[in-house]
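What follows is a set of notes on a single structure, which appears directly below.
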Amino acid sequence: MDAVTFFSIDTVTYSADKKVPCPDRIAKLPKKLLKGHQYNYNLGNTVLTLSISALVLPWLYYKFWYPNRTKSVIISDQDTVESVYFPSLTLFQRADWTSQANLDVSVPGKCFLDDSSKALSDSSMLLSPSLWIAIYDPTLDLTSALQNGYTRMVLINANGLTAINLGLNRRQAPNTSPAYDYKLSVSTIPAAGVNCAATSTGSTAPCHISLFLQFPSFDRQNSRLGVEMKWEEVVAAAGSWFSLFQIAGWIFSGLAFHTG
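Just so we're aligned: the sequence shown equals residues 110 to 369 in the working numbering.
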């Protein structure tokens, strides 16, 4: 009984040794490829990882990361400020527009229609006197504000009460510093009559424009120029790819199957 038991165990052990491949045989594959030369698994892993990185990372930078590094985008966010500077304000008149009010720089300011009869003849309608207004960041002059799109002219009634709500929008135009580009919400209560129109006798009375400016909210929208991909994002992307290359080098160098 003991002999039979010993023979059975021997047979199973022999069969297992012959038919089940040892994991070390997979790890010995690089040695066979080297035809007997001594193979260092760690060195093979390092060389393979660095070789893949040297080939793929420059291609990724040229094809994807560099274009995103040089691509300009608008970055927007929102915050709340405690106070803001009072904006600059400029009124314009068009001398060639007969229904436009003529500015009088006296204090308080007033305006009058040059000739209401001519205005009616020119446009076939008698309009209330009007003026153009531009509201812009006090750190800018009018020329730069208009050229860089930080303000635009808005037509308002020059004979009545005009209320303008200002929304805070701070943005950056190309090749400029950030500045306010106010969002205007204009409402007007016109005067009941036009006392400043020229009559047949040539007499005029002053018209006054009343402007009411307010900031209904101190929530500010910020828009600035940036790039699609920052340097730290490039480094993070390169690091993730390098980790993938390490796994590939670990497998293809045979180090993943090496048990010695």
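The beta-carbon is built from N, C-alpha and C at its ideal position, and this holds for glycine as well.
Burial check for Arg-280: the Cβ neighbour count within 10 Å reaches 16 or more, so the residue is buried. Distances from the CA of Ala-204 to each of Glu-337, Ala-347, Gln-355 and Ser-239 were compared; the closest alpha carbon is that of Ser-239. The Cβ-Cβ distance between Tyr-259 and Leu-277 does not fall below 8 Å. For Gln-187, the uninterrupted beta strand (DSSP E) segment begins and ends at 181–189. Contact annotation: the stretch 158–167 touches the stretch 347–355, with at least three C-beta pairs closer than 8 Å.
Taken through DSSP and simplified to helix, strand or coil, Arg-261 comes out as coil. Under the DSSP assignment, Arg-178 falls in the alpha helix (DSSP H) whose first and last residues are 175–178. Scanning its chain for C-beta atoms nearer than 8 Å, with the 5 sequence neighbours on each side dropped, one finds around Val-190 the residues Leu-277, Phe-327 and Arg-329, in chain order. Per DSSP, the continuous beta strand (DSSP E) segment holding Asn-278 begins and ends at 269–280. Under the three-state reduction of DSSP output, Ala-347 falls in the helix class. Listed in chain order, the non-local C-beta contacts of Pro-196 below 8 Å within the same chain comprise Ile-244, Tyr-245, Asp-246, Pro-247, Leu-275, Tyr-289, Tyr-291 and Leu-322, local neighbours out to five positions each way being set aside. Pro-325 carries a coil assignment under DSSP once its states are collapsed to helix, strand and coil.
Counting C-beta atoms within 10 angstroms of its own C-beta, Trp-174 has 16 or more neighbours from the protein chains shown and is therefore classed as buried.
Nearest in C-alpha terms to Val-303, of all of Arg-261, Ala-347 and Ser-208, is Ser-208.
Residue pairing for Arg-333: DSSP places it in a beta bridge opposite Ile-184.
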